[in-house]
Amino acid sequence: MSLHEINQGVQKNKRRQRIGRGTGSGWGKTSQRGHKGARSRAGWSNRATFQGGQTPIVRHVPKRGFNNKWADTVSCVNIKDLNELFDNGDTVNAETLQSKGLCKRRFDEIKILGDGDLSKKLTVEAHRFSASAKEKIEKAGGTCTTVVRRVTVAEKKEQAKQANS
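Numbering (the numbering used here), first residue to last: 12 to 176.
Listed below in structure tokens is the structure:
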């Protein structure tokens with residue numbers, strides 16, 4: 012064997028085996044599916060969570076709590092994020108927070124939290140403020156404006172029901 016013969020016959024990427032091309036190939040007849048049964052038929056597959064007949068973990072874990080469809084979704088934003096993304100004298104509101112990517116999902120309210128430091132004078136409009144956030148914004152020379160949340164259809168119905176009774 013010479014140096015130029017070392018890699019002879021070695022392929023970088025092995026070609027995939029085409030199955031079902033005659034018995035002489037060794038991959039013909041049943042095409043590696045075995046005889047009969049659901050697995051040999053087209054379209055058979057287990058669901059992704061199937062655990063081989065064992066009781067699934069989801070059924071072992073007890074049910075707890077419930078999902079409140081009337082609960083408000085609150086988008087929380089920290090002071091440090093406002094300091095990074097906004098310039099001195101900017102107005103921070105729902106539209107600007109969404110355009111900067113701080114509030115990505117659907118939300119009912121925005122709450123400003125006090126994590127981090129603020130060195131810029133900002134006018135912040137939000138539904139809620141933590142005490143530390145309000146203190147830091149005002150200390151930096153900015154203003155905090157509490158925005159009234161829009162009333163949902165369900166709340167209007169509830170208010171009408173209470174007014175009638």
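The beta carbon of each residue, even a glycine, is placed where N, CA and C say it ideally should be.
Just so we're clear, the structure is a prediction, and the values are computed from it rather than from any experiment.
For a cut-off of 8 Å, the C-beta gap from residue 94 to residue 131 is around 6 Å, short enough to register as a contact. Where residue 93 is concerned, the enclosing alpha helix (DSSP H) starts and stops at 90 to 96. Boundaries of the beta strand (DSSP E) around residue 137: 134 to 137.
Residue pairing by DSSP places residue 85 opposite 120 in a beta bridge.
Here DSSP, grouped into helix, strand and coil, assigns residue 69 to helix. In the three-state reduction of the DSSP assignment, residue 34 falls in the helix class.
Taking C-beta atoms as the reference points, residue 158 and residue 137 count as a pair closer than 8 Å.
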